[in-house]
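J.: In the working numbering, the protein residues as written are 707 to 887. First the structure, which I've put down as structure tokens, then a few questions once you've had a look.
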């Protein structure tokens, strides 16, 4: 590889890394503090999720989704210190899913009743996904709201959710989550 291309790729990597702010890196912090599983049992359902660190220091969100008693979802949320962002920011997540689709949600104000949501596919392999905040749409209890997409300057909550309208086992491994400005 010629020297100019190597220099360009090094600068590109440095610039991309420099503009990223880590929210959580489980391989460094080695804790699941401030993460809480919220299943459909809050509404009478029977789904069951767990969130723990693996021996390899990844966070593992796993369990089973049940449709019994009008259930159908499991989620894990992270309540965090207010993080300054811009609507142009992206969330970068390093993860390994099980081939199933998941939802990623954020709240700009944890007291707000609705979240900003998107769905992403997992491949069964390690992957890095980037989610532009401006593409997240407002939703509440699975329904899209007639409000603008994310246009705020703060994040206070992150959430991963599985609810694919079928009973299923699931596992999502998380390595890190960052904001890219």
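We put the beta carbon where it would ideally sit given N, CA and C, even for glycine.
1. Look at the alpha carbon of residue 884 and the alpha carbon of residue 835, and state the distance between them as a whole number of angstroms.
2. Would DSSP call residue 732 helix, strand or coil?
3. Counting only the same chain and skipping the five closest in sequence on each side, list residues whose C-beta sits under 6 Å from that of residue 869.
4. Does the stretch 798-805 touch the stretch 821-841, meaning 3 or more C-beta pairs lie closer than 8 Å?
5. Drop a sphere of 10 angstroms on the beta-carbon of residue 853, count the other beta-carbons inside from all chains shown, and report buried for 16 or more, exposed for fewer.
6. Taking the beta strand (DSSP E) that residue 747 belongs to, which residues open and close that run?
7. Rounded to whole angstroms, what's the CA-CA distance from residue 791 to residue 759? Just pull it up for me.
8. Just how far apart, CA to CA, sit residue 798 and residue 886?
9. Can you tell me the Cα-Cα spacing of residue 875 and residue 764, whole angstroms?
T.: If we stick to the structure as given:
1. Their Cα atoms are separated by approximately 11 Å.
2. Here residue 732 sits in helix by DSSP.
3. Within the same chain, and ignoring the five residues on either side of residue 869 in sequence, the residues whose Cβ sits closer than 6 Å to its Cβ are 778, 779.
4. Yes: at least three Cβ pairs fall under 8 Å.
5. Exposed, because fewer than 16 other Cβ atoms sit within 10 Å of the Cβ of residue 853.
6. It is not in any beta strand (DSSP E) - residue 747 carries neither H nor E in the DSSP assignment.
7. Distance between the alpha carbons of residue 791 and residue 759 is about 28 Å.
8. Rounded to the nearest angstrom, the two C-alpha atoms are 7 Å apart.
9. Approximately 19 Å, taken between the alpha carbons.
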